Structure formats: C-alpha cells, structure tokens
Amino acid sequence: MRVREVLIIAVLVVSTSLWVASALTRQARETATPRPDPPRDAATSATPAQPVTARPAGFVVTFGEFSHQDTARRQARLVRSKGYLATVSRSGPSLRVISRIYDDRHQAEFWAAIFHEIGIPATPVSVGSLGQTSAD
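Letter by letter, the sequence shown follows residues 6 to 141 in the numbering used here.
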C-alpha cells in the first residue's frame with residue numbers, strides 16, 4: 006500500500022510539472038511574438054493631441070479657510086490624523102484645507118457629513134470655485 010501511494014504522488018507531481026512547463030512555454034511563445042502596430046488613418050495621424058488646460062471637474066471637502074499658514078497646516082494635520090487625505094491650498098489671499106477630489110457632489114456631501122460626525126467642520130465645494138494653487 007505504501008508503494009502505491011508513493012507512485013500516485015509521483016505521477017501527480019510529474020503530470021503537474023509537465024502541465025506547468027507547457028503552460029509556461031505557451032505563454033513565452035505568445036509574449037515573444039511581436040504584435041503589429043494598429044493601422045493609422047490620415048485623420049488620427051495628422052491631428053496632434055491638444056493640451057488639456059481645463060481644471061479637473063469634481064468636488065472637494067473644505068476643512069476651513071485660514072489667513073495664517075501655521076493654522077492651516079495644523080488643521081490639515083488634524084484631518085490627516087483621522088486617516089483622511091488633506092492638503093493646504095492657496096485660494097486668493099487665504100489658505101484652505103481641502104480633501105482629495107471626489108467625482109460628484111454626492112460623494113463630497115457624504116464625506117463632509119462623516120467629518121461633521123467626528124467633530125471636524127467640513128463643507129463640500131466644487132473644484133471650479135476654488136481658484137487654488139498648492140501651498141503645502
């Protein structure tokens with residue numbers, strides 16, 4: 006009985022090894038074959054890509070507007086200490102502490118409500134209304 010078990014295990018090991026080797030060989034053959042470039046028509050090759058200058062769409066959560074950088078950085082550290090992303094951003098003469106960009110207002114409102122629940126004042130704002138340049 007012991008010899009039979011050893012033989013079965015040996016057959017399984019060999020067959021598995023052969024299967025893995027054939028799969029690796031097949032994969033190597035497929036990846037080694039160069040793929041041709043997709044055909045280009047006159048319209049796509051003649052028109053260069055236009056640079057994107059528009060501001061990203063979306064919403065952020067603001068955690069306050071401050072006149073002193075130290076105060077703004079302290080607020081950003083408080084938000085980060087709760088495990089959330091926050092950065093200090095210049096908005097005209099003042100500094101704002103803002104979250105990451107959310108796709109829609111609903112997401113920003115959802116997170117603003119969560120921040121309120123943990124005691125951090127937060128307001129959802131559209132990115133287009135910020136006029137921001139990074140300060141932190």
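All C-beta atoms in this analysis are idealised placements derived from N, C-alpha and C, irrespective of residue type, glycine included. Keep in mind the model is a prediction, meaning the values are calculated, not measured.
- In this structure, DSSP gives Arg7 a helical state, which the three-state scheme calls helix.
- Across the set Leu83, Thr92, Ser99 and Ile103, the C-alpha of Leu83 shows the shortest separation from the C-alpha of Ile123.
- In this structure, DSSP gives Ser72 a state outside helix and strand, which the three-state scheme calls coil.
- Between the alpha carbons of Ala117 and Ala127 lies a distance of about 5 angstroms.
- The stretch 99-112 and the stretch 72-86 touch, with no fewer than 3 CB-CB distances between them shorter than 8 angstroms.
- Note: Tyr107 is bridge-paired with Phe64 in the DSSP secondary-structure output.
- Per DSSP, reduced to three states, the secondary structure at Leu90 is coil, with no helix or strand assignment.
- If you look at Pro129, you'll find it in the beta strand (DSSP E) that goes Thr128 to Ser131.
- The beta-bridge partner set that DSSP reports for Val102 consists of Val93.
- The residue from Val93, Gly88 and Gln74 with its alpha-carbon nearest to that of Phe68 is Val93.
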